[in-house]
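Colleague:
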Amino acid sequence: MSITLGEKLRQAREAHGLSISQVAEQTRISALYLSCIEND
30 MSITLGEKLR QAREAHGLSI SQVAEQTRIS ALYLSCIEND
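Now the structure itself:
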C-alpha cells in the first residue's frame, strides 16, 4: 500500500520537530485544515 499525502506531510513535520500550530503559522494554512489533511 502506498503512503498518502497526509502521512507524508505528518512525517515531514515530525522529522523537523514542528507542531501543527507552528506549520500553520509559517504557511498561513489553518491548523484545522492541516490536521484534516494529515488525517486523510
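Mapping of the sequence shown onto my numbering: position 12 corresponds to residue 41, and the numbering continues sequentially without gaps.
Where is the CB? At the ideal position from N, CA and C, for every residue including glycine.
These figures come from a predicted structure and were not determined experimentally.
1) Is the beta carbon of I49 less than 8 Å from the beta carbon of L34?
2) Only counting the same chain, and skipping five residues up and downstream in sequence, which positions put a Cβ closer than 7 Å to that of E67?
3) What are the start and end residues of the alpha helix (DSSP H) that includes G35?
4) In chain order, what residues of the same chain lie with their CB nearer than 7 Å to the CB of V52, ignoring the 5 residues before and after it?
Modeller: Looking at the atomic coordinates:
1) Position 20 of the sequence shown, counted from the start, is the residue given in the question as residue 49. Position 5 of the sequence shown, counted from the start, is the residue given in the question as residue 34. Not a contact, by the Cβ cut-off of 8 Å.
2) Against the sequence shown, residue 67 aligns to sequence position 38. Around E67: G35, L38, R39.
3) Residue mapping note: residue 35 aligns to position 6 of the sequence shown, counting from 1. Its alpha helix (DSSP H) spans residues 34-44.
4) Locating residue 52 in the sequence shown gives position 23, where the first residue counts as 1. Closer than 7 Å at the Cβ level, and outside the excluded window around V52, lie R42, L63.
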